[in-house]
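Notes follow the structure.
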Amino acid sequence: MKEFNLEEELKKLPEHPGVYLMHDKSDEIIYVGKAINLKNRVRQYFQTGRNRSPKIEKMITLIHYFEYIVTDSELEALVLENNLIKEYAPKYNTMLTDDKTYPFIKVTVQEPYPRVLLCRQMKRDGAKYFGPFTSAGAVRDTIDILQKLYQIRRCNRKLPREIGLERPCLYYQMKQCTAPCQGYISEEEYREHVEQVLDFLNGNIRKVTEVLETKMREAAAEFEFEKAAEYRDLIESVGHIAGKQRITNTNTNAVDRDVVAMEIRKGEAVVAIFFIRDGKLLGREHFHMAGVEEARPAAAMTAFVKQYYAGTPYVPRELLVETEVEETELLENWLSGKRGQRVHILTPVKGEKHKLIELAKENAAMVLRQDLEKIKREEARTTGAAQEIADLIGIEKAERIEAYDISNISGVNSVASMVVFENGKAKRSDYRKFRLRTVQGPDDYKSMEETLTRRFLHGQEEQRKIREEGLEEELGSFNRFPDLIMMDGGRGQVNVALRVLDAMNINIPVCGMVKDDNHRTRGLYYQNREIMFPPKNEAFDLITRIQDEAHRFAIEFHRNLRSREQVKSILDDIDGIGPVRRKALMKHFKDIDVIKKASVEELCDVPSMNLAAAEKVHEFFNKQERGT
719 MKEFNLEEEL KKLPEHPGVY LMHDKSDEII YVGKAINLKN RVRQYFQTGR NRSPKIEKMI
779 TLIHYFEYIV TDSELEALVL ENNLIKEYAP KYNTMLTDDK TYPFIKVTVQ EPYPRVLLCR
839 QMKRDGAKYF GPFTSAGAVR DTIDILQKLY QIRRCNRKLP REIGLERPCL YYQMKQCTAP
899 CQGYISEEEY REHVEQVLDF LNGNIRKVTE VLETKMREAA AEFEFEKAAE YRDLIESVGH
959 IAGKQRITNT NTNAVDRDVV AMEIRKGEAV VAIFFIRDGK LLGREHFHMA GVEEARPAAA
1019 MTAFVKQYYA GTPYVPRELL VETEVEETEL LENWLSGKRG QRVHILTPVK GEKHKLIELA
1079 KENAAMVLRQ DLEKIKREEA RTTGAAQEIA DLIGIEKAER IEAYDISNIS GVNSVASMVV
1139 FENGKAKRSD YRKFRLRTVQ GPDDYKSMEE TLTRRFLHGQ EEQRKIREEG LEEELGSFNR
1199 FPDLIMMDGG RGQVNVALRV LDAMNINIPV CGMVKDDNHR TRGLYYQNRE IMFPPKNEAF
1259 DLITRIQDEA HRFAIEFHRN LRSREQVKSI LDDIDGIGPV RRKALMKHFK DIDVIKKASV
1319 EELCDVPSMN LAAAEKVHEF FNKQERGT
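Residue 899 in this note's numbering sits at position 181 of the sequence shown, and the numbers go up by one each step.
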């Protein structure tokens, strides 16, 4: 890329609507914004003396260059901004972190013999859609009840074109389908069943319940108690579904509306949204927002509305928000275009609608409170536990811990594992395996000496290259040294580690993870003394997790090696056929018997095979066949 001249590029900015993208020095997009006038908006970022939040000030220091896209209107800019934010997830944009899609119930009324389906997108295909619902499980239960109750077909056959081509399915035998695939029911009669389904989905639950109660009584009168019990269960299921659709208030007109409120605390934000359809509360959901540390409530609410409704297939007629959004008219026009009907964004301050806002606000606050408590508990078992270990053994910190273990069977295939925990959490990308080269027989001390020597020699070499060549630290595999080393074992293992580190002039505290007679973690061995922990202690639990993980990783590596060595092919006995050619032969011919019968020319067609190798394979199997 050519050198970016800020002053020159600012002069070139057009006075048109559009979207601007801020890049850092690594070419990463860190912010996406829209503007009705690109020239005025982008220049504002680089003007001194403006009152900006610390977050924006920090972002400005990272801007290396910017680019922009001109649009025909501010509405187009809004749509493009949403798409770019979703694609690039810039770190300085207030982001909706949840990406949820909600299920709908779809009735394919455009078909001669309609079906009832679950879907997650509304299409203009002539079908009728109901929802969105917050629970896919509840949707599946509803569809199952409707199919059983009204005997709606479940197959994907093209009817009436495929009538009579195949036998009726099991659902017909179970009396859960009227078998329109066989012509056993007319299109008109089947339509009556579908109309009853639509009546049910439109909220007429009482009629369905009365029908089921009548059928239950009739079955009981005929002493068909199993059938009566089935009807009873259906009544209960219908009641359960109806119970999920709580009437919000008869005073509010029965329009489709979403109710949105937000709770922000300690840099965390949760948005609660209630889905009200035909005056009934169908469900509620919550979302987490990132990047709201210093965002104004109006800006955060605007970001949510733009990002959420850009991704949802359904837009209600009315949107109740706790805080007035920015650019209300623009957002209303955008949402109206998506719905195909006028959409209103309202901020009620009293009355029944305001009570709905307060209810959503309470839900957001409850979710956020639970999340913060969860975060607090998680910190106690991770970063808190790591610091507790550091305090107990008397070191400054234990942010990065490396643990080592040895695995072998009678000294065969000796391997070592290195697991890494950062801030109390396993960092699997830094795990390393060692296949021991110099140790013969079961000698854990020498095995550990070789492992640690190789690990820290490699680390010192990487550190040297990083210093001399000015490389990024992230490029190394071993260059980061731990704050604490944990050995699987006691005094002997610890002394081996200390001896290796001392010889290499490396000063890192080392402790041993000591087990009891039942092979369970008991405590730590450090500086010639054993440190005991109470059983229900976060630091003790962390040590146990580290020890178990080091052991699991070593055992897994050793098991894989054994399995690999136990797998042997007859091709291994052929001179000149190594792993690469063996793999290529099996991939090409699929079966060893086919290889045996292949000609030299056919063998030469295999990638990586030459004439000499092909002749050796051909000769080998010919000799076998002759018994020589």
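Quick reminder that beta carbons are idealized off the backbone N, C-alpha and C, glycines included.
- A direct Cα-Cα distance of roughly 14 Å separates G1241 from A1108.
- The C-alpha of V977 lies about 10 Å from the C-alpha of P1034.
- Ranked by Cα distance from E805, the first of H1062, E746, V1228 and G1159 is E746.
- The beta carbon of G1142 sits closer than 8 Å to those of R1099, T1100, T1101, G1102, A1103, A1104 and L1260, all from its chain and outside the five residues before and after it, given in chain order.
- Each of K1308, F764, R1185 and E799 was checked against the Cα of I754, and the nearest Cα belongs to E799.
- For E940, the secondary structure class from DSSP, reduced to helix, strand or coil, is coil.
- Taking E794 as the centre and dropping the five residues before and after it, the same chain places the C-beta of P735 closer than 8 Å to its C-beta, in chain order.
- Residue environment: P832 is assigned as buried (16 or more neighbouring CB atoms within 10 Å of its CB, all protein chains considered).
- DSSP links C1229 through a beta bridge to M1204.
- Looking at Y749, E1070, K757 and E733, the one whose alpha-carbon comes closest to that of L724 is K757.
- Considered as a whole, the stretch 768 to 849 harbours 772 to 780 and 792 to 806 as its complete alpha helix (DSSP H) runs of no fewer than 4 residues, in chain order.
- Under the three-state reduction of DSSP, R1270 is assigned to helix.
- When the alpha-carbon of L835 is set against those of C873, R1002 and N811, the nearest one is in C873.
- Within the DSSP bridge table, the entry for H734 names no partner.
- For F992, the enclosing beta strand (DSSP E) begins and ends at E986 to R995.
- Rounded to whole angstroms, the Cβ separation of L1175 and A1215 is 14 Å, and the two are not in contact under 8 Å.
- Counting C-beta atoms within 10 angstroms of its own C-beta, E1120 has 16 or more neighbours from the protein chains shown and is therefore classed as buried.
- R983 is not a Cβ neighbour of F992, given a cutoff of 8 Å.
- Membership of M1250 in the beta strand (DSSP E) is indicated by the continuous run R1247 to M1250.
- Put simply, the backbone Cα of V1039 is about 38 Å away from that of K743.
- If you check the CB distance, I787 and M740 do not come in under 8 Å.
- In the DSSP assignment, K1079 falls within the alpha helix (DSSP H) that extends over G1069 to R1099.
- The beta carbon of E1167 sits closer than 8 Å to those of V1214, R1217 and V1218, all from its chain and outside the five residues before and after it, given in chain order.
- It is roughly 14 Å from the alpha-carbon of E1042 to the alpha-carbon of V989.
- Counting the other Cβ atoms within 10 Å of the Cβ of Q828 gives fewer than 16, which makes it exposed.
- In this structure, DSSP gives S1132 an extended state, which the three-state scheme calls strand.
- Minimum Cα-Cα distance from Q1181 among the listed residues F1199, R1172 and K1164 corresponds to F1199.
- Within a 10 Å sphere around the beta-carbon of G751 sit 16 or more other beta-carbons, which makes this residue buried.
- Look at I1124 here: in three-state DSSP terms it is strand.
- Contact check for I1249 against I1111 passes: the beta carbons are separated by less than 8 Å.
- Under the three-state reduction of DSSP, E1044 is assigned to coil, being neither helix nor strand.
- When only Cα atoms are considered, A979 and I1075 end up about 6 Å apart.
- As DSSP reads the structure, D976 sits in a beta bridge with F993 and L1037.
- In this structure Y1163 is not in contact with A1268, their Cβ atoms being roughly 17 Å apart against a cut-off of 8 Å.
- In this structure S1195 is exposed. Its beta-carbon is surrounded by fewer than 16 other beta-carbon atoms within 10 angstroms.
- A straight line joining the alpha-carbon of T812 with that of T1065 spans about 21 Å.
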